[in-house]
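Here the protein sequences come in this chain order: A and B. Note that this note's numbering numbers the first sequence so that position 239 is 239, with each residue one more than the last. Note that this note's numbering numbers the second sequence so that position 211 is 1211, with each residue one more than the last. This report refers to the structure that appears directly beneath it.
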Amino acid sequence: MTGLHPLVSILLLQAGYNTIVVMLGAAALGAATGIVGVFAMLRRRALVADAVAHATLPGVALGFIAAVALGFSGRSLPFLMTGAAITAVLAALAIQWISNRTRLTEDTAIASVLATFFAFGIVLLTVIQTLKTGGQAGLDIYLLGATAGMLREEAITLAVFSLIVAAVVALLFKELTLISFDADYARAHGFPVKLLDLAVLGLVLVVVVIGLRVVGLVLIVALLISPPAAARFWTDHTGRMTLISAAIGAISAYFGAAISAISPDTPTGAVIVLVAFSILLISVFFGSARGIVTRAIGARHVRRAS
Amino acid sequence: MMEFLQIDLPALLVGTLAALVCALIGNFLVLTRQSMLGDAMGHVVLPGIVIAFVIAGTTATWVMLTGAFAAALFSAMLVEFFRRAARIEPSAALGSVFTAMFALGVLLLEQSGVARTSFDVHHILFGNIETAIWPAATGLSSLFNPVALASLPPQLGRLAFGLVVVAFVVIIFFKELRVVSFDPDFARTIGISPRLIGTLVVSLAALAAVVSLSAVGVILLVAMMVCPPATARMLTDDLKTQVWLSLLFALASGVLGYAIAVLLPLAMGYEISLGAAGTIAVVAGLFQLAAMLFGGKRGAPKTA
């Protein structure tokens, strides 16, 4: 297959076995964020997700310190992920507490928690950088993501968690759809709206934490926002919207992983986000259900017919 | 003394000036439920700054300001377009645009080679207060020597300019800002357009973001736009008092945060360094936490 641009041959899965596994793992993650994003967006949790994602940084740093202190490698994934999950949950609780128990509004709660947690993470990172343990350079990838150097096992873990997330959404699909469109009706009919909202937040937490490695914590929220926003322009049906959003997320992450296979210095997260945003722009204009161009053509047809 | 003048004073000034300009305009973002706008502003101006730098080849103040403003304006228009023409939900419109702009900025930084010359992604994310130095200082007399003063770091001039403009506009339009923040309906009946005043607030937030971003990084700017005003809001109902308190907390965070970043490692005898921007932001967050736990206005009803 000589003559093909390297990007094309990688996209066509002609790279090495490891690269292929990593790309497929990234695509699985993209699909999972696309699925969860639909409900995060409909339940207006998108910006909470941003704060929670930024709040994983101190957890990653503390996980690194704990791992080193206990004699493990600082980059040992279980430590980093556990730390990330702990501080992310704390941030979610803090946002809840501030917006329910003080006079400050939810936007202020989100912004201040995001800033304070992330800043604490930065302080810890600057401390780690001056420790003489080595391996700290590896922590950078959790900011903007990288698939270069990713192990097969990590990619498989990603895919497994993504499958679990998809399965949970499939199980709760009817309930989640109901609270997304008519929470009052759902509440009146005895659906546990609060519990279901908690489930959405829980799923957001899971995809954010497993997405750190590929997309990075600074930009992962884009994968929860842009794919579902784009999917809405193609259909009004929640089931189809969820599938389309999953596909857009998967394509974006797949592209990002492919590009960082060619140029390892490129932050994977940035590429993924730009691909997703390009698809959003295309959808805004040409989406078959509500695209601006589509609507304009439709309106002309109606006028002619009448 | 020399060391303080050459290294600590410029960094301290940069940190506190940025804290003041962001906190001042942040009061009105917090009151109008637009706190995340500060975060968005901090992200969207990045590609503007990088493109302007690549085109002009210099980090001169007007170049940075022009690029950043173009990016902020472009993003604001894109968000409006998404909301009105495309009917995307507001927080999704904001979220998709600011992440895409920041991603573009990051890629441009990496691809254009700027990253290796003047500023890089780390500086933008983490803040780089420590790079503000004043090598021309030779003693206290330098503070009165125009030649030495001229070589103060350029970001200081930018921040001072931003602070003066924001303060001037806030003083002139204080009455309008107060009415629109607390009672937009009443504002309309007495002929003040909440939309116009809203645009003014967003423009000032953009200016504050522009002058602060390359000097202190995204995180300090976001923290300062929300934490000191939120702290002050927990302590008073009066807008004027709130603004003054927020400036006080911004100043206190700047000085205390910088002092901790410099002195704590020394005191503990470790060979470590604490990032000043991050430390200042954490201190501002702790002030807010204390105010939320013990502030006099914590039980007040949620009416803005």
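Think of the CB as a built atom: it goes at the ideal place given N, C-alpha and C, for glycine as much as any other residue. On a predicted model such as this, the values are computed, not experimentally measured, just so you know.
Check, Outcome
"Under the three-state reduction of DSSP, which class applies to E1003 of chain B: helix, strand or coil?", "helix"
"Identify every run of the alpha helix (DSSP H) within the stretch 1048-1096 of chain B, keeping only runs that are complete inside it and at least 4 residues long; order them along the chain.", "1061-1084"
"Touching or not, the stretch 1225-1242 of chain B and the stretch 69-83 of chain A, by the rule of three or more beta carbon pairs under 8 Å?", "no"
"Does the beta carbon of A1071 of chain B come closer than 8 Å to any beta carbon on chain A?", "no"
"Under three-state DSSP, which class holds I20 of chain A?", "helix"
"Got a sec: is the Cβ-Cβ distance from D1039 of chain B to anything in chain A below 8 Å?", "yes"
"Looking at the unbroken alpha helix (DSSP H) that takes in W97 of chain A, where does it start and where does it end?", "L77 to R101"
"Distance cutoff 8 Å, beta carbons only. Does V951 of chain B sit that close to anything in chain A?", "There is no way to answer for residue 951 of chain B, as the model of chain B reaches only from 1001 to 1304."
"Please confirm whether M1292 of chain B has its beta-carbon closer than 8 Å to some beta-carbon of chain A.", "yes"
"Thinking just about the alpha-carbon of each residue, which of A:L139, A:V214, A:M241 and A:K174 is nearest to the one in F191 of chain A?", "A:K174"
"Between the C-alpha atoms of P1301 of chain B and R1233 of chain B, what's the straight-line distance to the nearest angstrom?", "Per-residue confidence for P1301 of chain B stands at a pLDDT of 49, beneath the threshold of 50, marking its modelled position as unreliable; the derived number appears in the next sentence. Going by the C-alpha atoms only, they are around 12 Å apart."
"Residue range of the alpha helix (DSSP H) that N1027 of chain B falls in?", "L1009 to L1031"
"Using a Cβ-Cβ distance under 8 Å, would A222 of chain A count as near chain B?", "yes"
"Does the Cβ-Cβ distance between L1064 of chain B and A1052 of chain B come in under 8 Å?", "With the sequence shown as reference, residue 1064 of chain B is identified as Met, and Leu is not the correct amino acid for it. Contact flag set, yes."
"Any Cβ of chain B within less than 8 Å of the Cβ of A46 of chain A?", "yes"
"Of all the residues that make up the stretch 27-46 of chain A, which are near chain B by a beta-carbon distance shorter than 7 Å?", "M41, R44 and A46"
"Tell me which residue opens and which closes the alpha helix (DSSP H) that D107 of chain A is part of.", "E106 to T130"
"Would L1125 of chain B pass as a contact of I1219 of chain B if the rule is Cβ separation under 8 Å?", "yes"
"Quick one: residues in its chain with C-beta nearer than 6 Å to the C-beta of F1102 of chain B, no 5 flanking neighbours on either side, listed in chain order?", "H1043 and L1046"
"Please return the same chain residues whose Cβ sits closer than 6 Å to the Cβ of L1200 of chain B, not counting the five positions on each side in sequence.", "none"
"Can you pull the chain B residues whose beta carbon is under 9 Å from the beta carbon of V226 of chain A, in chain order?", "Residue identity check: residue 226 of chain A is Ser in the sequence provided, not Val. Result: A1092, G1095, S1096, T1099 and A1100."
"Would you kindly work out how many angstroms separate the C-alpha atoms of L7 of chain A and V169 of chain A, rounded to a whole number?", "33 Å"
"Candidates A:A119, A:V271 and A:A250: which alpha carbon is nearest S260 of chain A's?", "A:V271"
"State the Cα-Cα distance for the pair F39 of chain A and A1056 of chain B, rounded to the nearest angstrom.", "44 Å"
"State buried or exposed for T1189 of chain B, treating a residue as buried only when at least 16 other CB atoms are found within 10 Å of its CB.", "exposed"
"Strictly under 8 Å for the Cβ-Cβ distance: is T266 of chain A near chain B by that measure?", "yes"
"Taking the alpha carbon of A1223 of chain B as the point to measure from, which residue in B:T1032, B:S1141 and B:G1127 has its own alpha carbon closest?", "B:G1127"
"Kindly confirm or deny that the stretch 44-63 of chain A and the stretch 261-281 of chain A touch, where touching means at least three C-beta pairs closer than 8 Å.", "no"
"Which residue's Cα is closest to the Cα of V1255 of chain B: B:I1280, B:M1268 and B:A1267?", "B:I1280"
"What's the gap between the Cα of P1153 of chain B and the Cα of L1013 of chain B?", "10 Å"
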